[in-house]
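Novice: Chain order of the listed sequences is A and B.
All residue numbers for the first sequence refer to the numbering used here, where the first residue is 1285 and numbers rise by one.
All residue numbers for the second sequence refer to the numbering used here, where the first residue is 1285 and numbers rise by one.
Before we start, here is the structure in question, set down as structure tokens.
Number of protein chains: 2
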Amino acid sequence: MPRKRATIREVAKATGLSPAAVSYALRGLQVSEETMERVRAAATELGYEADPIARALASGRTGMIGLLCGSLEDLWQQSLAVGISRGLREKDRYALILDAVGDPARERALAQQLRDQRVDGMIVQPVDPAAPFWPELCESVPVVAIGDSLAGTAAEVVFDNRDGVTLALEHLRALGHHRIAVLTPTRASTPDRPADVHVTAEAERLGLDMEVLTASHGLAAATEAAHRALRPGGPTAVFCFADSIAYGVYAAAQELGLSIPGDVSVMGYDDHPMSGLLTPGLTTVDWNIDGIVKAAVRLVSAAADGGARRRRVVQRPTLKARGSVRDLT
Amino acid sequence: MPRKRATIREVAKATGLSPAAVSYALRGLQVSEETMERVRAAATELGYEADPIARALASGRTGMIGLLCGSLEDLWQQSLAVGISRGLREKDRYALILDAVGDPARERALAQQLRDQRVDGMIVQPVDPAAPFWPELCESVPVVAIGDSLAGTAAEVVFDNRDGVTLALEHLRALGHHRIAVLTPTRASTPDRPADVHVTAEAERLGLDMEVLTASHGLAAATEAAHRALRPGGPTAVFCFADSIAYGVYAAAQELGLSIPGDVSVMGYDDHPMSGLLTPGLTTVDWNIDGIVKAAVRLVSAAADGGARRRRVVQRPTLKARGSVRDLT
DNA sequence: CCGCTTCAGTGATACGGTTCAGTGAACCGC
DNA sequence: GCGGTTCACTGAACCGTATCACTGAAGCGG
């Protein structure tokens, strides 16, 4: 019962033009002002709307941008997805949002599917930035990487994790913390992720005693991991590589009857809006989500429109000190 | 440089069959086992993958489900969107997520665009369930409404708001609260939303002194609205129609130096995972997001596959008492 | 051995646009 | 007045699949 929609040929018949002329006219190409006007009038009259699918088949462009998130259980990534989706809508594009759930294998599969869907471009937060399929993918479709770098084959909004890690660890050390647990998102088996490398390097430089644990983003999983970190005689501070994970530490502390920052200090990495509402407020590294969203949208649209495909934007973090780190000095 | 993909005709040529036979074979239709095997082998050999766009044009089905959210600033709706997106992926569909930002006009426009995109079905959380375009839309594409009812023209996962409101208000009254502010999401100008009607009715029944204020979902906006509610001599409790809005009340209380629940009590409506982490924990109405997600995914896939289009699932809420409501008795 | 159904597969067309090469007319300078 | 452009538009092919109407052969009961 969906009443049949008008086609371009009907508009052509109504105006006495060829379908080709109508196609051009509707896109403001190659035709006289007057004809354009006539075509527009007829189109409105007939309630004509171009069929995006037919258009995509003929032109090879879908107007869609794939957004492949590392793990949407991370509230910060949710914010990112919402922002990007809105930003793209303003450029008359749709976002196809997919979630790799922290699994490199799924990430590969989804990236593939996104390409098969013929998205005009992709924004990804790589789970496994070292995976061998990235360069190949980047060649067949414009990719913008957020966070970790994709070996220079894509456009990038790169976090200066070196800076971020330094900011966090120096803050902790300045307040007298030396035994620190690091809770990092579950990742591919590649232990040499840039961020992790920086942690190790900085820990060494600052003379810190670090222990690295992994946790997936969900609150439950993060809480479970936090329990492991918060055993008696454990570290004086926990540095979480995502605010979402830090929330798990809050939950675990609650369950264990530990006070933050009395018994243990916590640092996050993101600055999600909720972080300021907790008690105590979460001290965290602010990655300026608005800036990231804007840059990613800008880069991907430019690349999808045939522009530069290898631009690089570096995000610099700032420290947001609230009350979750105790001064031991 | 995207190396040209194999088409169905090449597979046909390779197997010595007609393109039609290949098309059937790949979908497991109408052909002999043996041919099917041969076709599959050839397809793999050539790296053939069906083009979703051509397929959509020819068959009229895109495999996409539109998800039209009332306002993605609401963290609970974000969770919902993530859940639905995952659920649909398991059924080999894609979710096209759009955000009406609480604006009825935009909602109409986006619904239209979603239909033009030829989604196989839609899941919506109507901002303005009384808008006149819904019935018409429901006829041209299967729609599943979440939350408010769409006048029986769509399949529905309906919240029993009557129950939810009763639960909340009776809880507040039982603890001695009579002067209550209600913070409800910004809505269309229709003042007779079912949920709002229930609030009024229940307030009357319980002999409560209610004041209704509106707030949009963003933390900043909700905080601003909360400031209005928390003026001196104001209500003893604030009932928020979304946990996200309650978070705004927490923020406002922080800024004003008010204690929760010492100076003012707060109730939410959703039970977002973060609500248990606040101090004090937010007392709220639990809508069982998993159940809603599953029901919505089930209904929309069934409808998109040509099944029943008017099923109705009613969600019943439970009260989650934490520490944000003070006992005044 | 005949007529009827079933099965496996074919050819053609539809889906609704885009795009390329080409065409006639108008316009230009010389 | 003529060659060369530019302009506005046309016709036809094309994108890659699905689907409808058929066909020849095989299988069947009587």
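All C-beta atoms in this analysis are idealised placements derived from N, C-alpha and C, irrespective of residue type, glycine included.
Just so we're clear, the structure is a prediction, and the values are computed from it rather than from any experiment.
Hey, valine 1466(A) and valine 1496(A) are a contact pair by Cβ (cut 8 Å); roughly how many whole angstroms apart?
Specialist: Yes, they are in contact, since the Cβ atoms of valine 1466(A) and valine 1496(A) sit about 5 Å apart, within 8 Å.
Novice: Kindly list, in the order they appear in chain B, the residues whose Cβ is closer than 7 Å to that of alanine 1509(A).
Specialist: Those within 7 Å of alanine 1509(A) in chain B number zero; the least Cβ separation is about 16 Å.
Novice: Which residue or residues does DSSP assign as beta-bridge partners of arginine 1596(B)?
Specialist: Glu1440(B)
Novice: Per DSSP, tyrosine 1308(A) forms a beta bridge with which residues?
Specialist: For tyrosine 1308(A), which the question treats as bridged, DSSP gives no partner whatsoever.
Novice: Is the region 1436-1448 of chain B in contact with the region 1590-1598 of chain B, if contact means three or more CB pairs nearer than 8 Å?
Specialist: yes
Novice: Would you kindly work out how many angstroms separate the C-alpha atoms of alanine 1415(B) and alanine 1395(A), rounded to a whole number?
Specialist: 38 Å
Novice: So with Cβ pairs under 8 Å, would you call leucine 1562(B) a contact of chain A?
Specialist: yes
Novice: If we require 4 or more residues per run, which alpha helix (DSSP H) segments fall completely within the region 1322-1379 of chain A?
Specialist: Counting whole runs of 4 or more residues, the region 1322-1379 of chain A contains the alpha helix (DSSP H) stretches 1336-1343 and 1359-1374.
Novice: Taking the C-alpha atoms as reference points, what is the distance between leucine 1615(A) and aspartate 1555(A)?
Specialist: Absent from the structure is residue 1615(A), since the part of chain A shown begins at 1285 and ends at 1613.
Novice: If I follow the unbroken beta strand (DSSP E) through valine 1385(A), where does it start and stop?
Specialist: Premise fails: valine 1385(A) is in no beta strand (DSSP E) and is neither H nor E.
Novice: For a cutoff of 8 Å on Cβ pairs, would you count glutamate 1440(B) as touching chain A?
Specialist: By this cut-off, glutamate 1440(B) is not an interface position.
Novice: DSSP three-state call for methionine 1285(A): helix, strand or coil?
Specialist: Legend: pLDDT at methionine 1285(A) = 36, less than 50; position of this residue unreliable, value from coordinates given subsequently. Methionine 1285(A) falls in the coil class under three-state DSSP.
Novice: Can you look up proline 1601(B) in the DSSP assignment and give me helix, strand or coil?
Specialist: coil
Novice: Do the region 1357-1376 of chain B and the region 1311-1320 of chain B meet, that is, are 3 or more Cβ pairs less than 8 Å apart?
Specialist: no
Novice: Identify, in the order they occur along the chain, each residue of the same chain with its Cβ nearer than 7 Å to the Cβ of glycine 1502(B), setting aside the five sequence neighbours on each side.
Specialist: Same-chain partners within the cutoff: Glu1357.
Novice: Answer with yes or no whether the minimum CB distance from methionine 1558(B) to chain A is below 8 Å.
Specialist: yes
Novice: Mind checking whether alanine 1504(A) and alanine 1536(A) have CB atoms under 8 Å apart?
Specialist: Result no, Cβ atoms of alanine 1504(A) and alanine 1536(A) do not sit closer than 8 Å.
Novice: In chain A, what lies closer than 9 Å to arginine 1370(B) by C-beta?
Specialist: Leu1356, Asp1383 and Val1385
Novice: Suppose contacts are defined by Cβ-Cβ distances below 8 Å. Is isoleucine 1464(B) in contact with leucine 1451(B) by that definition?
Specialist: Result no, Cβ atoms of isoleucine 1464(B) and leucine 1451(B) do not sit closer than 8 Å.
Novice: Tell me the DSSP secondary structure of arginine 1463(A) in three-state form.
Specialist: In the three-state reduction of the DSSP assignment, arginine 1463(A) falls in the strand class.
Novice: 8 Å is my cut-off, CB to CB: does alanine 1338(B) come that close to chain A?
Specialist: yes
Novice: In chain A, what lies closer than 8 Å to arginine 1402(B) by C-beta?
Specialist: Asp1335, Pro1336 and Ile1337
Novice: Just checking: is the beta-carbon of alanine 1535(A) within a distance shorter than 8 Å of some beta-carbon in chain B?
Specialist: yes
Novice: Is the separation between the beta-carbon of leucine 1421(B) and that of arginine 1399(B) shorter than 8 Å?
Specialist: yes
Novice: At the 8 Å Cβ level, is proline 1286(A) part of the contact set with chain B, yes or no?
Specialist: Note on proline 1286(A): pLDDT 44, under 50, position unreliable in the model; the coordinate value appears next. Yes, proline 1286(A) counts as interfacial toward chain B.
Novice: Could you please give the first and the last residue of the uninterrupted alpha helix (DSSP H) stretch that includes threonine 1507(B)?
Specialist: Its alpha helix (DSSP H) spans residues 1503-1513.
Novice: On the DSSP bridge list, what partners appear for leucine 1313(A)?
Specialist: Looking at the DSSP assignment, leucine 1313(A) forms no beta bridge with any residue, so it has no partner.
Novice: Which residues of chain B have a Cβ atom closer than 7 Å to the Cβ of glutamine 1362(A), listed in chain order?
Specialist: Neighbours of glutamine 1362(A) on chain B, chain order: Gln1362 and Val1366.
Novice: Let me know the beta strand (DSSP E) ranges lying completely inside the region 1401-1440 of chain A, each 3 residues or longer, listed in chain order.
Specialist: 1405-1408 and 1427-1431
Novice: Strictly below 9 Å CB to CB, what residues from chain B border threonine 1484(A)?
Specialist: By Cβ distance, chain B contributes nothing, its closest Cβ being about 30 Å from threonine 1484(A), past 9 Å.
Novice: What residues from chain B crowd round threonine 1470(A), counting only those whose CB sits closer than 8 Å?
Specialist: Simply none; closest approach about 17 Å.
Novice: Locate the beta strand (DSSP E) running through aspartate 1493(A), then write down its first and last residues.
Specialist: Where aspartate 1493(A) is concerned, the enclosing beta strand (DSSP E) stretches over 1493-1499.
Novice: Give me the Cα-Cα distance between glutamate 1374(A) and glutamate 1294(A), rounded to the nearest whole angstrom.
Specialist: 30 Å
Novice: Along the region 1288-1318 of chain A, where does the CB come closer than 7 Å to a CB of chain B? Name the residues.
Specialist: Answer set for the region 1288-1318 of chain A: empty.
Novice: Since threonine 1507(A) and threonine 1468(A) are thought to touch, with beta carbons under 8 Å apart, how far apart are those beta carbons, to the nearest angstrom?
Specialist: Going by Cβ atoms, the distance from threonine 1507(A) to threonine 1468(A) rounds to 16 Å, so no, they are not a contact pair.
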